[in-house]
Amino acid sequence: MFKTVRGMRDLLPVDAERMRHVEQVSRELSKLYGYEEIITPVLETYDLLAAKTSEEIRERMYTFKDLGGRKVAMRPEFTASVARLVASKLRNEPKPMRLFSAGSLYRYDEPQYGRFREFWQANYELFGSSRPEADAEILTLTNDLLTKLGLKNFRFKVGHTGILKGILDQEGLDEAKQDSVRQLLDKKLWEDALTVAREAGVSDNCLAVLESLFETRSENAFKVLENVKDTVQDYGSAVAAVENLWKILELTRDSGAQLDVIVEAGFARGLEYYTGIIFESYIPGLDIALGGGGRYDKLIQLFGGEPIPAVGVAQGIDRIVLALQKQKHPPKTLKERSVVVISVKDESMAKALELSAMLRSSGLPVEVAVMGRSISRAMTDANRRGVAYAVIVGPKELEEKKVVLKDMNKGEQRTIPISSLTEEILTDSK
Ligand code: AMP
Numbered sequence: 026m027f028k029t030v031r032g033m034r035d036l037l038p039v040d041a042e043r044m045r046h047v048e049q050v051s052r053e054l055s056k057l058y059g060y061e062e063i064i065t066p067v068l069e070t071y072d073l074l075a076a077k078t079s080e081e082i083r084e085r086m087y088t089f090k091d092l093g094g095r096k097v098a099m100r101p102e103f104t105a106s107v108a109r110l111v112a113s114k115l116r117n118e119p120k121p122m123r124l125f126s127a128g129s130l131y132r133y134d135e136p137q138y139g140r141f142r143e144f145w146q147a148n149y150e151l152f153g154s155s156r157p158e159a160d161a162e163i164l165t166l167t168n169d170l171l172t173k174l175g176l177k178n179f180r181f182k183v184g185h186t187g188i189l190k191g192i193l194d195q196e197g198l199d200e201a202k203q204d205s206v207r208q209l210l211d212k213k214l215w216e217d218a219l220t221v222a223r224e225a226g227v228s229d230n231c232l233a234v235l236e237s238l239f240e241t242r243s244e245n246a247f248k249v250l251e252n253v254k255d256t257v258q259d260y261g262s263a264v265a266a267v268e269n270l271w272k273i274l275e276l277t278r279d280s281g282a283q284l285d286v287i288v289e290a291g292f293a294r295g296l297e298y299y300t301g302i303i304f305e306s307y308i309p310g311l312d313i314a315l316g317g318g319g320r321y322d323k324l325i326q327l328f329g330g331e332p333i334p335a336v337g338v339a340q341g342i343d344r345i346v347l348a349l350q351k352q353k354h355p356p357k358t359l360k361e362r363s364v365v366v367i368s369v370k371d372e373s374m375a376k377a378l379e380l381s382a383m384l385r386s387s388g389l390p391v392e393v394a395v396m397g398r399s400i401s402r403a404m405t406d407a408n409r410r411g412v413a414y415a416v417i418v419g420p421k422e423l424e425e426k427k428v429v430l431k432d433m434n435k436g437e438q439r440t441i442p443i444s445s446l447t448e449e450i451l452t453d454s455k
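Per the working numbering, residue 26 is the first one in the sequence shown, and the count goes up by one each step.
This is the structure:
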C-alpha cells in the first residue's frame, strides 16, 4: 500500500469543504476591500524565494534541480512571488495596488498540531501607501475575516519592528546580528536574545532598555505605548516607531473597529523583511497564530523594483479551520444540508425532478434517487451516505400539492405543502 509523504495530508470531503469555505470567505472579503486576485506558480527559482525570507524558512524549503538543471523551490510564502510581480509586470500599475492570493505553501517544518508541510494561506497585500490608514486597513480586514467566519474572542498581538531596529541601529549592530536577535525573540528566547546583544557589545543602558522592553506586554495598548516611549527615549527612531504604532491603533479604534489588541514591545516575527507594524492573531486556548502580517517597505526594492511601501497579512487557512473546530463553530457542510428527492412511482418522477431543480435554485444540494430502488432501500442508502433530508414525492400527496419531508437525523417525517418545502429545509438546516 502506498502512503502519503510524511507531513502531507489527504483532505477528505468534510475537511476539504471546511478549507474551501474559509478560502471562499477570504476571497469574498478580498472583493469587498478591493483586493484583486492573482495566481502565481507554486514553483519559483530558488534565488527568488531564498532572497529575503528568514534563515529558518530558507533551510526548510523544498529545493531541487528540475530536469533542465535549474535550481528551483516550492514557495514557502506568497510574498516573494507577489514582490517579483510588483517589481516587474505590475511595475507601472497605478498605486495603491491591492492584491489577493490564496493557495498552498510548502515548508519542511516538524509536523505537529497546526503545523504541516503543505498548508494553505489567504494573503492580502496593499502596495503604495506608507500611511497608517493602510496598516489599519490590514488589521481591520483581518478582524472582519475572523468575525465573518464566526470566531469569538480572538486577539491581536501587535508590535513594531522599528522599536528594536531603532535601538540596535543606534548601537551599531549589523543586519546579521540584528537578525539573530529577532529570530530568538520570535521563539520567545528572551535571555538568549539579550546574550547575543551583550556579546555584540551593546551599551549597559541598551541592555537595560531591552530587558525592560521584553517584559512589556499589556492589553492597555495606549498606556503601554506611553511607557515604551519613555523607556526608549534615547533612541530617536525607536520613539518614531512607537508613535507610528500609536497612530495606527488610534485610527483603528476611532474608526469603530472593535479590535482586541495586546501590545508586546519585544515581539518579533521570523521573516526578515518587516519594517513597521507586525501582528499575529490568536484565539484563547490555541497557542498558535492563525495569521500574521506587517509592513515591509523595502522589499520591492530588494527585488529590483522602485521603492514601494507595502503592508500585508497571511491568514493561515488550516489553522483557522482548527480554531473554528475548537470553538465548535465549524460551518455547516453541504452534507448537513443535503437533500435526496425520491419518487414513489414512475408517474411522479417528472415532478420529483422539477422539485429538485426548485430546491437547487435556492442553493440546497440535491441528489435525485436514480437507481429505481424501493422507498425503504432508497432511504437506507441516503442514511448510509449521511444525507440530511429526504423528500418523498408520491402521486397521492401530489394531488393535494404536498410531499413528505423526512429529517434523516431526527427520523421524523411530515407531509407539507410544496409551496413551503424550500423554506422549511432552509430554516431547519441553518
Ligand atoms: P508566516 O508566513 O510564517 O508569517 O505565517 C503566516 C500564517 O501561516 C501563520 O500564522 C499560520 O497560520 C500559517 N502557517 C505558517 N506555517 C504553517 C505551517 N507549517 N502549517 C500550517 N500553517 C502555517
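No residue lacks a Cβ here, since even glycine has one placed at the ideal position from N, Cα and C.
Going by other Cβ atoms of all chains shown within 10 Å of its Cβ, with 16 needed for buried, is T220 buried or exposed?
-> Its Cβ having fewer than 16 others within 10 Å, T220 is exposed.
Could you tell me if L214 is buried or exposed, where buried requires 16 or more neighbouring beta carbons within 10 angstroms of its beta carbon?
-> exposed
Closest residue to S373 among K360, P355, K426 (Cα-Cα distance) = Here the closest residue by C-alpha is K426.
Quick one: does the C-beta of D259 sit closer than 7 angstroms to a heavy atom of the ligand AMP?
-> D259: no, Cβ never under 7 angstroms from the ligand AMP.
In the DSSP assignment, find the alpha helix (DSSP H) that holds Q203 and state where it starts and stops.
-> 200-211
So what does DSSP say about A108, is it helix, strand or coil?
-> helix
What residue from E69, F141, I192 has the CA that sits closest to V30's CA?
-> Nearest C-alpha to V30: F141.
Relative to the alpha-carbon of A415, which residue among L57, V183, Q438 has its alpha-carbon at the smallest distance?
-> Q438
In three-state DSSP terms, what is V221?
-> Look at V221 here: in three-state DSSP terms it is helix.
Taking 7 angstroms as the cut-off, does the CB of G316 come closer than this to any heavy atom belonging to the ligand AMP?
-> yes
Locate the alpha helix (DSSP H) running through D453, then write down its first and last residues.
-> 446-453
Secondary structure at K91, three-state DSSP: helix, strand or coil?
-> The sequence given here has Asp at residue 91, not Lys. It is coil, neither helix nor strand.
Looking at D134 and the ligand AMP, is the gap between the Cβ and the nearest heavy atom below 7 angstroms?
-> The nearest non-hydrogen atom of the ligand AMP is less than 7 angstroms from the C-beta of D134.
Any non-hydrogen atom of the ligand AMP closer than 7 angstroms to Q350 Cβ = no
P334 to K323 span [Cα, whole Å] | Going by the C-alpha atoms only, they are around 7 angstroms apart.
Any chance the region 64-72 sits against the region 185-202, with 3 or more Cβ pairs inside 8 angstroms?
-> no
Candidates A290, K272, N245: closest to S237 by CA position | Scanning A290, K272, N245 for the CA closest to the CA of S237 turns up A290.
Just the Cα atoms here: how many angstroms apart are A375 and L37?
-> 34 angstroms
In angstroms with no decimal places, state the Cα-to-Cα distance between F292 and I302.
-> 10 angstroms
Give a yes or no on contact between the region 111-128 and the region 314-330, applying the rule of three or more CB pairs nearer than 8 angstroms.
-> yes
Roughly how many whole angstroms lie between the Cα atoms of G59 and G153?
-> Between the alpha carbons of G59 and G153 lies a gap of roughly 14 angstroms.
With 16 other CB atoms within 10 Å as the buried threshold, where does Y321 fall?
-> buried
Is the closest heavy atom of the ligand AMP to the C-beta of G341 under 7 angstroms?
-> yes
Buried or exposed: K435, going by 16 or more other Cβ atoms within 10 Å of its Cβ?
-> exposed
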